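Protein chains in written order, with this note's numbering: chain A, 1 to 155; chain B, 1001 to 1155; chain C, 2001 to 2155. Beta carbons: idealized from backbone N, C-alpha and C, even for Gly. Treat the numbers as computed from the prediction; the structure is a model and nothing was measured.
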């Protein structure tokens, strides 16, 4: 992994969605010192919901994994904005918080959120390794399958 | 918005509840450097629960919005304590975490948590704009409709 | 409380579990400056699940309290790793995030998460007092009863 983050994105064929605009009086991210708090990102691509439904009911773990990956792509897109377009400024992914729309008997939240976790390491290498939680939620905004927020350290 | 935060509260007719006392071995807030972590605040006013129940079942989105606003008032009340009574020391609202007591088919968590988000901007202006997540929970402490925690930057 | 943290652990007869190894591309903790973010810890002891099930259904509040205590022991075990084995470097427990596997009518999440909160003060004294949230989740990884994550300040 000697390339820059942007070249790695290109080599891996990873495209980022457009960063969503602020929806109300909350905004996609705040910067406090060298810490970036990114709002919970859902599995939408440029405004279209990619995966709606509930794990253990009508969404498979594999589809949930892909949904979590889309959440992760949105997180990275927001962090790029926070860095003025320069992802080289990301020092590390500090923490992800993963919420999985879950039926009462679904217990594979970690396998779902791995979709976001694996992406971070693909894109940022060792700097992408992060702390996280992965829990169930009975319902999520607009019926999405997955929501993930994040805390990043930047320079 | 040239007035101070306290005069803005007065102009807007916003009254803050008394900050709740620590309930056990956890406390309402901790201060780490210039970061204040505020415990999850529920929709109580000086000890009385203002809104009990579940969105999508027996609580309307509008009542949920008001409940989230009350959570936000409690957050501000705790931050004022953390600042030794001086809300001018708040640099920005960094992040809110919103949990909405939700039936399985309720998907308007963002509209509910806007009650807290809108309040932050009313009170702090641009410094009140924050990152956040808004998710469902199957049940919350004492049956409240909404719980919101917060991270604030102070000087 | 004049003893060191380690001697306090010994005096109280508190044994820590082995810190779990990273499971995937997420890791048990990250360190950003003087802040340690610890991943959500579940109620396992050296790999064995200590308490599976749902509060308000098949797990009592007392058993949930003990499960939360086990989560807390795992948090401390991870923080010890983050401190290179020296718990004296813990300045304070900043925040715990408590998720309780909850039936829809279970509302004693605070009483459950007190198991982790009480432990922090037993072990760290006043430095163990922390901000927190305690919320319900409809399901958790591997069917565990409780998951708790944490943010710690170290020197």
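By Cβ distance below 8 Å, which residues in the same chain neighbour residue i in space, the five residues on each side in sequence not counted?
| i | result |
| --- | --- |
| residue 1017 (chain B) | 1044, 1045, 1046, 1070, 1073, 1074, 1077 |
| residue 1127 (chain B) | 1090, 1091, 1092, 1093 |
| residue 1081 (chain B) | 1019, 1028, 1029 |
| residue 61 (chain A) | 55, 108, 111, 112 |
| residue 1051 (chain B) | 1043, 1059, 1063, 1064, 1066, 1067, 1070, 1144, 1145, 1146 |
| residue 1095 (chain B) | 1130, 1131, 1132, 1150, 1151 |
Return the first residue and the last residue of the beta strand (DSSP E) that residue i is part of.
| i | result |
| --- | --- |
| residue 39 (chain A) | 35 to 42 |
| residue 32 (chain A) | 29 to 32 |
Quick one: residues in its chain with C-beta nearer than 7 Å to the C-beta of residue i, no 5 flanking neighbours on either side, listed in chain order?
| i | result |
| --- | --- |
| residue 35 (chain A) | 151, 153 |
| residue 1120 (chain B) | 1072, 1093, 1128, 1130 |
| residue 2013 (chain C) | none |
| residue 136 (chain A) | 100, 102, 106, 109 |
| residue 33 (chain A) | none |
| residue 1006 (chain B) | 1087 |
Does residue i come within less than 8 Å of chain B when only Cβ atoms are used?
| i | result |
| --- | --- |
| residue 40 (chain A) | yes |
| residue 2011 (chain C) | no |
| residue 2092 (chain C) | yes |
| residue 138 (chain A) | yes |
| residue 2074 (chain C) | no |
| residue 133 (chain A) | no |
| residue 98 (chain A) | no |
| residue 2004 (chain C) | no |
| residue 2118 (chain C) | yes |
| residue 2110 (chain C) | yes |
Hey, residue i and residue j are a contact pair by Cβ (cut 8 Å); roughly how many whole angstroms apart?
| i | j | result |
| --- | --- | --- |
| residue 113 (chain A) | residue 100 (chain A) | 7 Å |
| residue 1155 (chain B) | residue 1049 (chain B) | With a Cβ gap of about 34 Å, residue 1155 (chain B) and residue 1049 (chain B) do not count as contacting. |
| residue 2038 (chain C) | residue 2026 (chain C) | With a Cβ gap of about 11 Å, residue 2038 (chain C) and residue 2026 (chain C) do not count as contacting. |
| residue 2015 (chain C) | residue 2065 (chain C) | Rounded, the Cβ-Cβ distance is 18 Å, inconsistent with contact. |
| residue 117 (chain A) | residue 2024 (chain C) | 6 Å |
| residue 1097 (chain B) | residue 1148 (chain B) | 7 Å |
| residue 2068 (chain C) | residue 2115 (chain C) | 3 Å |
| residue 134 (chain A) | residue 2138 (chain C) | With 8 Å as the limit, residue 134 (chain A) and residue 2138 (chain C) do not qualify as a contact, their Cβ atoms being about 13 Å apart. |
For residue i, would you say it is in contact with chain C, using Cβ-to-Cβ distances shorter than 8 Å as the test?
| i | result |
| --- | --- |
| residue 107 (chain A) | yes |
| residue 1025 (chain B) | yes |
| residue 1152 (chain B) | no |
| residue 1032 (chain B) | yes |
| residue 60 (chain A) | no |
| residue 104 (chain A) | yes |
| residue 1019 (chain B) | no |
| residue 8 (chain A) | no |
| residue 77 (chain A) | no |
Taking 6 Å as the limit between beta carbons, can you name the residues of its chain near residue i, skipping five residues before and five after?
| i | result |
| --- | --- |
| residue 59 (chain A) | 53, 145 |
| residue 83 (chain A) | 89, 154 |
| residue 140 (chain A) | 101, 147 |
| residue 40 (chain A) | 147, 149 |
| residue 2009 (chain C) | none |
| residue 2057 (chain C) | 2103 |
Give a yes or no on whether 8 Å exceeds the smallest Cβ distance from residue i to chain A.
| i | result |
| --- | --- |
| residue 1064 (chain B) | no |
| residue 1121 (chain B) | yes |
| residue 1052 (chain B) | no |
| residue 1148 (chain B) | no |
| residue 2143 (chain C) | yes |
| residue 2124 (chain C) | no |
| residue 1015 (chain B) | no |
| residue 1046 (chain B) | no |
Would you mind reading off the limits of the alpha helix (DSSP H) that contains residue i?
| i | result |
| --- | --- |
| residue 1007 (chain B) | 1005 to 1011 |
| residue 63 (chain A) | 61 to 82 |
Where in the region 91 to 154 of chain A do unbroken runs of the beta strand (DSSP E), each at least 3 residues long, occur, reported from the N-terminal end onward? 131 to 137, 146 to 154
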